[in-house]
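To start, the structure itself, in structure tokens.
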Amino acid sequence: MSKEDAYRMVQEAIRQCTVEESHHCAVVVVVNEKENTVRVYGLNITEEDVPTLLLEAAGEVAEGYVKNMEGRTLQ
Numbered sequence: 015m016s017k018e019d020a021y022r023m024v025q026e027a028i029r030q031c032t033v034e035e036s037h038h039c040a041v042v043v044v045v046n047e048k049e050n051t052v053r054v055y056g057l058n059i060t061e062e063d064v065p066t067l068l069l070e071a072a073g074e075v076a077e078g079y080v081k082n083m084e085g086r087t088l089q
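Remember, my numbering sits 14 above the position in the sequence shown when you count from 1.
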């Protein structure tokens, strides 16, 4: 996926969160490696739900990674 494709996907996700009476929410994590900072923004979500969403997303990413690695052989 190109940077432009990823950017368009993020824009669409944000658009879905900002529509009146939307059932979509998003958590955006911005990392600045130079300054060693991390900023977390929640859209259409309560502050208390952000950690839970981040944990669920991390779990899904980890599960997908494990599935991709299953069946691979080391050479």
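By construction, the Cβ of each residue, glycine as well, lies at the ideal position given by its N, Cα and C atoms. What you are looking at is a predicted structure, and each value in this text was computed from that prediction instead of being measured.
Under 9 Å between C-beta atoms of residue i and residue j
i          : j          : result
residue 28 : residue 42 : yes
residue 54 : residue 68 : yes
residue 40 : residue 31 : yes
residue 50 : residue 36 : no
residue 64 : residue 56 : yes
First and last residue of the uninterrupted alpha helix (DSSP H) at residue i
i          : result
residue 82 : 64–83
residue 18 : 17–32
Bridge partner(s) assigned by DSSP for residue i
i          : result
residue 40 : 57
residue 46 : 51
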